[in-house]
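See below for the structure under consideration.
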Amino acid sequence: MRFVYDNFRNKPFKPLYNALVPRRYRKRWDFIYNEIPTQHAVEQYWEMTINEYIKGNIEKPVIKINKPELVGKKIIWQYWAQGIENAPEFVNFCFKSVDRFKGDYTVIRLTDDTVKDYLIFPDFVKEKRKSKVFKPVFFSDLLRITLINNYGGIWLDASIFLTDALPQNLINQKFFMFSRDDNSANKEWGLKTDNCYFGWSEQFKVNFLSSIIFGQPNIDISMILQDLMLNFWKTQDTIPHYFFFQILINTLRKNNVVNFEFPIIDDTLPHKLQFSLNEPFNSYIFEEIIDNVSLHKLSFHKQWEKIDESGIITYYGKLLEKYN
64 MRFVYDNFRN KPFKPLYNAL VPRRYRKRWD FIYNEIPTQH AVEQYWEMTI
114 NEYIKGNIEK PVIKINKPEL VGKKIIWQYW AQGIENAPEF VNFCFKSVDR
164 FKGDYTVIRL TDDTVKDYLI FPDFVKEKRK SKVFKPVFFS DLLRITLINN
214 YGGIWLDASI FLTDALPQNL INQKFFMFSR DDNSANKEWG LKTDNCYFGW
264 SEQFKVNFLS SIIFGQPNID ISMILQDLML NFWKTQDTIP HYFFFQILIN
314 TLRKNNVVNF EFPIIDDTLP HKLQFSLNEP FNSYIFEEII DNVSLHKLSF
364 HKQWEKIDES GIITYYGKLL EKYN
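Residues 64 to 387 in the numbering used here are what the sequence shown spells out, letter by letter.
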């Protein structure tokens, strides 16, 4: 099977490969022969870098902040690179939900033009951003951890949708991210839904949801993550894996570099709504989803429909009806 995968999945044989090999086999082979080896290679890079960091061989660049009066304040940080006024309708729908349930938090939405009003990055970050490889989605990984480390507050991706108030038990944490739960009741669902994101085996290295981060300023975990991410931006010219930041977090935990004192809360829970959005609405399942969690990781990369092919309202349609 490895011979077929290595020799026929790319041009000029790709059309034949796709026609003759069932999709489920193609996905499985890609997971075994590409996804897992790539995750392991990224982990090895981070382990090497972490060892150098512990030895004191890695520089710790200084991030300058321009609004020290905001340190420790109740702030929700969000980012849309191209300008908030240019955000698509779905993103604005998510923003609206955050505004509705923000409580006593102030929402600050940054763009590429306004980041400098809050953080001054080293010149090598500015230079690296000129590369087509270091896209806004990867800059946002660096941005979120530097905002949390230097100011504190809550980071919410632009695709986060709130259906209720921010959980007080998460606000009270010094640092928090949703993470993979070995006791999750949703293992079968997760593997069926996206086996390149959800995995519970020891070989799987993407085990943290970085789209939602609660944090106090200047604690060990965020300081170390900031230092290591800045070193990556200074020394690397390619992005080895879409979730390289999440693999870094997992590697820190695996190597006991810093205490992960926050509770394990199943990261399938914030994803359940996303993968139901185009399905016929079921009030019982919907209530179960929003009872389990009030923060939901949606996606603006998919086309969401208000009604399905049978004319039945979808979960997305119900969200628009209930929260718009």
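From the three backbone atoms N, C-alpha and C, an ideal C-beta is built for every residue, glycine too.
Keep in mind that this is a model prediction, so the values were computed, not measured.
One thing to note: residue 340 has its Cβ no nearer than 8 Å to the Cβ of residue 275.
Under the three-state reduction of DSSP output, residue 187 falls in the helix class. Look at the beta carbons and you see the stretch 126-136 not touching the stretch 104-114: under three pairs across the two are nearer than 8 Å. The DSSP-derived three-state label of residue 170 is strand. Three or more Cβ pairs closer than 8 Å define a contact, and the stretch 204-211 falls short of that threshold against the stretch 253-266. Ranking 72, 342, 327 by CA distance to the CA of residue 96 puts 72 first. Beyond the five residues adjoining it in sequence on each side, residue 117 comes within less than 8 Å, by CB distance, of 320 in the same chain, given in chain order. The C-alpha of residue 178 lies about 27 Å from the C-alpha of residue 235. Sequence-distant partners of residue 192 (beyond 5 residues in either direction) whose C-beta falls short of 8 Å from its own C-beta, in its chain, are 202.
Taking a 10 Å sphere around the C-beta of residue 337, we find 16 or more other C-beta atoms and assign the residue as buried.
Taken in chain order, the unbroken stretches of beta strand (DSSP E) that lie wholly in the stretch 215-294 and span 3 residues or more are 216-219, 223-225, 275-278. CA-CA distance, residue 355 to residue 188, rounds to 39 Å. Looking at 330, 309, 212, the one whose alpha-carbon comes closest to that of residue 282 is 212. By DSSP's assignment, residue 359 forms a beta bridge with 224.
For residue 347, the three-state secondary structure derived from DSSP is helix. For residue 141, the uninterrupted beta strand (DSSP E) segment begins and ends at 138-142. Each residue's CA atom was taken as its position, placing residue 81 and residue 74 some 11 Å apart.
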